[in-house]
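Enquirer: Here the protein sequences come in this chain order: Z and H. Numbering-wise (the numbering used here), the first sequence opens with residue 1075 and increments by one. Numbering-wise (the numbering used here), the second sequence opens with residue 284 and increments by one.
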Amino acid sequence: MTAPEVLRVEDLESGYGEMQVLWGVNLRVPERSIVVVLGPNGAGKTTTLRSIMGIVRPWKGKIVFKGQDVTMLKPHEKVARGLSLVPEGRHLFPELTVEENLLLGAYTRLGKENPSDTLELVYNLFPRLKERRQQKAGTMSGGEQQMLAIGRALMSKPSLLMLDEPSQGLAPKIVRDIMETLERLRDEWRLTILLVEQNIAQSLKIADYAYILEQGRIVLEGPAEEVAKREDLVRAYLGI
Amino acid sequence: MPDLNLLVASIISGLLIGAVYGIATVGLNLIFGVLRIVNVGHGAFIMLGAYLAFIVYTSLGLPPLLGVVAGLAVGAVLGLIIYYLVIRYLHDAPELATLLATFAIGILIQELVKAVMGPDSRGFVWNPLAAYEFEIFGYKPSSFQILAALSSLALLAFLYVVIYRTRLGLAIRAVVQDREGAMVVGIDVERIYAASFALGIMVTVASGAILAAYLQTGIHPYMGEIYTLKGFVIAVMGGLGSIPGAFIAGVLFGLFENVSYLLLAGIEGVQPLVLTRSIAFLLLLLILLVKPTGLMGR
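See below:
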């Protein structure tokens, strides 16, 4: 891989309170690629993304984003620099309308620039959201809410989009739609994507590179098609 | 059955003071809604506002309702100081810690005011539009009281604009609905907490200046305590955290207090002033029986 990297995580250790979850995670996310992190429940996938985003404070290690050390920055500072996260469970604003949710996605730019161009791009990507722009976010279906969560994350014009199990709880057809959307974002929007998933087959199909995380450590990594060939090994690691 | 004129009069005066009760509770609910902190020192901030109106009128010779503007300014500074000095260290502390901390701040403010202004009860009468006074059903509201109710509505409108028409307000609503969601869109949650706390204190101090319309002789360092109690009742009645709920419940509370006083006064051997208070709690119980989360609670 010769593409310059957007994100590099070095020996990241983190956890909650007294409980250590990550024991030295190393990741590289090259520009305009999809990197997937697979792992069983409790392996530390969500903690990895939350630490990169600054929602959980990293204990040790380094997070380098676009060549700058951003390890200890706060979430809002990271968003302003171009990191964006679609969190597990989506964390939408249920009482606000679809459009208000999207505009909040551009919060760091509000007042300085007009976010309507980005809003149009997101509406083109998800025409459903445009139809439902005045509807309250909490009243939509799971699939629509996931689209909204992705749309909201795109509104900050990120250089790196991170997604935490976007396929969780969704019907297979909708999961395929979302994976196709991620491919479009890489190929047409030229975005760099770090995806955390439990859905091995679907995510390896679209990913360029894959990591397997187990008990807070990377236990296997490689180009996605090669990892896919060793599916027996992957399944053994994931315990399924 | 009491005189119909008296009944209508007490409904009108109940609505007038109810608007003041409402605005005096809105700040308490705003702070609880955003920070999940119960400000036990609430009444001390109201007392501060009443003194501001007193000083603006007696020392500066200006209309006492300018104390509302002074209250907003003093509240903003005080709110930010208290937030950054105390509250921000208590986010993940047990509830008892925030209760004790806000209780202590209330006492501190009371004692500081007593040190500066003395322990005596103060007050003033102001009736700028006496010439235009009118009578409805034999009742003559003072122009200060009418202006007080109007100021309450103006303050409510100000708060509405801040919360529903500004970028700050959008961020406040986002933090209330989903704190982690607010973090990932790039909202500095810490700053929103500070701003919301300051905003709540601003409105509360300003509401004290409005309340001065009802305190012709009753401004003293400990006057706030009864309003802390009333504030809690009204806040729970309206639904904890709900701003419109607090205002509506305040109006209802004022109405109920006044009308029940009148009705109780008609019964022989009853001390209406004492019973009125318990009647207000009865109203609270009834509302909670029907809707346990309060009028506008979720």
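Built from N, CA and C at the ideal position, the CB exists for glycine as well.
Using CA atoms only, rank isn't needed, just tell me which of Z:D1191, Z:Y1283 and Z:A1310 is closest to Z:A1077.
Expert: Z:Y1283
Enquirer: Tell me which residues of the segment 1130 to 1163 of chain Z have at least one Cβ-Cβ distance to chain H shorter than 9 Å, keeping chain order.
Expert: Against chain H - using a Cβ distance shorter than 9 Å - the residues of the segment 1130 to 1163 of chain Z are K1148, P1149, H1150, E1151, K1152, V1153, A1154, S1158, L1159, V1160, P1161 and G1163.
Enquirer: Is the distance from the Cβ of H:F480 to the Cβ of H:Y334 below 8 Å?
Expert: no
Enquirer: In angstroms, rounded to a whole number, what distance separates the CA positions of H:A359 and H:M485?
Expert: 5 Å
Enquirer: Just to confirm the assignment: which complete alpha helix (DSSP H) runs, minimum length 4, are found wholly within the segment 310 to 369 of chain H?
Expert: 325 to 341 and 349 to 368
Enquirer: Since Z:M1236 sits in a beta bridge, which residues does DSSP pair it with?
Expert: Z:L1159 and Z:L1268
Enquirer: Under 7 Å Cβ to Cβ from Z:P1201, same chain only, skipping five residues before and after it: list those, please.
Expert: Around Z:P1201: no qualifying Cβ.
Enquirer: Could you tell me which residues DSSP pairs with Z:V1099 in its beta bridges?
Expert: Its beta-bridge partners are Z:L1086.
Enquirer: What are the boundary residues of the beta strand (DSSP E) that Z:Y1283 is part of?
Expert: Y1283 to E1288
Enquirer: Quick check: what's the CA-CA separation for Z:E1084 versus Z:L1096?
Expert: 12 Å
Enquirer: So for Z:F1139, helix, strand or coil by DSSP?
Expert: strand
Enquirer: Verify whether the separation of the beta carbon atoms of H:P347 and H:A336 is less than 8 Å.
Expert: yes
Enquirer: Along chain Z, which residues have their Cβ under 7 Å away from the Cβ of H:I470?
Expert: Going along chain Z in sequence order, the residues near H:I470 (Cβ under 7 Å) are H1150 and Y1181.
Enquirer: Is it right to say H:N410 is buried, meaning 16 or more other beta carbons lie within 10 angstroms of its own, or is it exposed?
Expert: exposed
Enquirer: Classify H:M330 as buried or exposed, calling it buried when 16 or more other Cβ atoms lie within 10 Å of its own Cβ.
Expert: buried
Enquirer: Give the list of continuous alpha helix (DSSP H) stretches no shorter than 4 residues that lie fully inside the segment 368 to 429 of chain H.
Expert: 378 to 400
Enquirer: Under 8 Å between C-beta atoms, does Z:L1166 make it to chain H?
Expert: yes
Enquirer: Just checking, does the segment 1121 to 1136 of chain Z make contact with the segment 1152 to 1162 of chain Z on the three C-beta pairs under 8 Å criterion?
Expert: Touching, per the Cβ criterion.
Enquirer: Against chain Z, with Cβ distances strictly below 8 Å, would H:D286 count as a contact?
Expert: no
Enquirer: Please confirm whether Z:M1221 has its beta-carbon closer than 8 Å to some beta-carbon of chain H.
Expert: no
Enquirer: Can you pull the DSSP bridge partners for Z:G1225?
Expert: Note: Z:G1225 sits in no beta bridge, so no partner.
Enquirer: Indicate the three-state DSSP secondary structure (helix, strand or coil) for Z:V1293 in the structure shown.
Expert: The answer is strand: DSSP assigns Z:V1293 an E or B state.
Enquirer: Name, in chain order, the residues that DSSP records as bridge partners for Z:M1093.
Expert: Z:Y1090
Enquirer: Are any of the Cβ atoms in chain H nearer than 8 Å to that of Z:E1087?
Expert: no
Enquirer: Tell me whether Z:P1297 is buried or exposed, calling it buried when 16 or more other Cβ atoms sit within 10 Å of its Cβ.
Expert: Z:P1297 should be labelled exposed.
Enquirer: What are the residues in the segment 454 to 466 of chain H lying within 9 Å of chain Z by C-beta distance?
Expert: A454, R456, A457, V459, Q460, D461, R462, E463, G464, A465 and M466
Enquirer: Check each candidate in Z:R1206, Z:P1161, Z:N1273 and Z:P1232 and name the one with the smallest Cα separation from Z:T1121.
Expert: Z:P1161
Enquirer: Do the CB positions of H:T487 and H:G297 come within less than 8 Å of each other?
Expert: no
Enquirer: Helix, strand or coil for Z:L1184? Go by DSSP, reduced to three states.
Expert: strand
Enquirer: Output needed in chain order: residues of the segment 1262 to 1276 of chain Z with a Cβ under 8 Å from some Cβ in chain H.
Expert: none
Enquirer: Between Z:G1118, Z:E1173, Z:I1252 and Z:I1292, which lies nearest to Z:G1089 when the distance is taken from Cα to Cα?
Expert: Answer by Cα proximity: Z:G1118.
Enquirer: Between Z:E1169 and chain H, is the shortest Cβ-Cβ distance under 8 Å, so that the two count as touching?
Expert: yes
Enquirer: Less than 8 Å between the C-beta atoms of H:S293 and H:L545, yes or no?
Expert: A contact, by the Cβ cut-off of 8 Å.
Enquirer: Quick check on DSSP: helix, strand or coil for Z:P1104?
Expert: strand
Enquirer: Taking the C-alpha atoms as reference points, what is the distance between H:G326 and H:A387?
Expert: Their Cα atoms are separated by approximately 12 Å.
Enquirer: Measuring alpha carbon to alpha carbon, tell me which residue in H:I531, H:H374 and H:I364 is nearest H:F315.
Expert: H:H374
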